[in-house]
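Structure, as structure tokens:
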Amino acid sequence: MLDRQKLAKILARAESDHDAEALTAVRMAVKLARGAGMTLGQAVEGGAAAAQIREPRSQSAQVDQGTWDRGYWAGKRAGVAEAFGPMEHERAGFRRHIDALEAELEQYRPALDWKALARAYAEEGKRWGSAKAKAIAGRALRNELTVEDKITLRHFAGNKNQ
50 MLDRQKLAKI LARAESDHDA EALTAVRMAV KLARGAGMTL GQAVEGGAAA
100 AQIREPRSQS AQVDQGTWDR GYWAGKRAGV AEAFGPMEHE RAGFRRHIDA
150 LEAELEQYRP ALDWKALARA YAEEGKRWGS AKAKAIAGRA LRNELTVEDK
200 ITLRHFAGNK NQ
């Protein structure tokens with residue numbers, strides 16, 4: 050449901066001499082209207098526009114409902130992406146930092162024969178049909194092991210010795 054008083058207050062700010070304030074007010078009004086399931090024009094026109102919209106919607110409710118649902122969920126996904134975008138960026142930064150620390154830690158660990166360990170891991174992986182084990186063995190032969198590969202192989206070596 051659209052709060053008309055709030056919309057009126059927001060749109061009053063759109064008359065500001067400051068362009069940024071006016072633009073912000075219009076954007077806030079658009080968000081408020083979308084939240085009520087309307088366009089800004091429909092929200093400003095009021096009941097007459099709603100009555101005009103209501104009639105065709107009842108005639109083709111099934112088609113319109115599917116269209117509305119797709120638009121609704123697309124809007125929800127866009128909102129989630131907008132809300133969690135900065136956190137995703139921060140998470141990626143943490144991931145890079147962890148990878149750098151893992152690489153630094155790898156210098157202090159005892160050396161392993163990565164190729165032999167990867168071969169043993171691939172042989173073990175054949176039993177359960179692991180494509181990951183085969184991929185790690187291929188990267189080990191090309192000396193292209195990633196930090197994650199080395200972690201996996203160290204974990205495998207630790208479990209093998211127990």
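If you count the sequence shown from 1, you need to add 49 to reach my numbering.
Ideal Cβ positions, reconstructed from N, Cα and C, are used throughout, including at glycine.
Because the structure is a prediction, the values reported are computed rather than measured.
Three-state secondary structure assigned by DSSP to residue i
i           : result
residue 100 : Its pLDDT being 49, under 50, residue 100 is placed unreliably by the model, and nothing is read from it.
residue 178 : coil
residue 150 : helix
residue 193 : coil
residue 132 : helix
residue 64  : coil
Unbroken alpha helix (DSSP H) run spanning residue i, endpoints
i           : result
residue 158 : From DSSP, residue 158 is part of no alpha helix (DSSP H); its letter is neither H nor E.
residue 84  : 68–84
residue 94  : 89–94
residue 51  : Taken as a continuous stretch (DSSP letters only), residue 51 belongs to no alpha helix (DSSP H), as it is neither H nor E.
Integer-rounded CB distance, given that residue j should sit under 8 Å from residue i
i           : j           : result
residue 51  : residue 87  : 7 Å
residue 161 : residue 206 : 7 Å
residue 75  : residue 63  : 5 Å
residue 2   : residue 81  : A query on residue 2 cannot be resolved here, the shown segment of the chain reaching from 50 to 211 and no further.
residue 155 : residue 199 : 6 Å
Nonlocal neighbours in the same chain, by C-beta distance under 6 Å from residue i, ignoring five residues either side
i           : result
residue 98  : Because residue 98 carries a pLDDT of 48, less than 50, the predicted location of this residue cannot be relied on, and no value is offered for it.
residue 182 : 170, 171, 174
residue 101 : Residue confidence is low: residue 101 scores 49 on pLDDT, short of 50, so the model does not pin down where it sits. Its coordinate-derived value is still stated next. Around residue 101: no qualifying Cβ.
Contacting residues, own chain, Cβ-Cβ under 7 Å from residue i (five flanking each side not counted)
i           : result
residue 72  : none
residue 53  : none
residue 179 : none
residue 168 : 186
Chain-order list of residues whose beta-carbon lies under 8 Å from that of residue i (same chain, five-residue window excluded)
i           : result
residue 124 : 83
residue 164 : 189, 190
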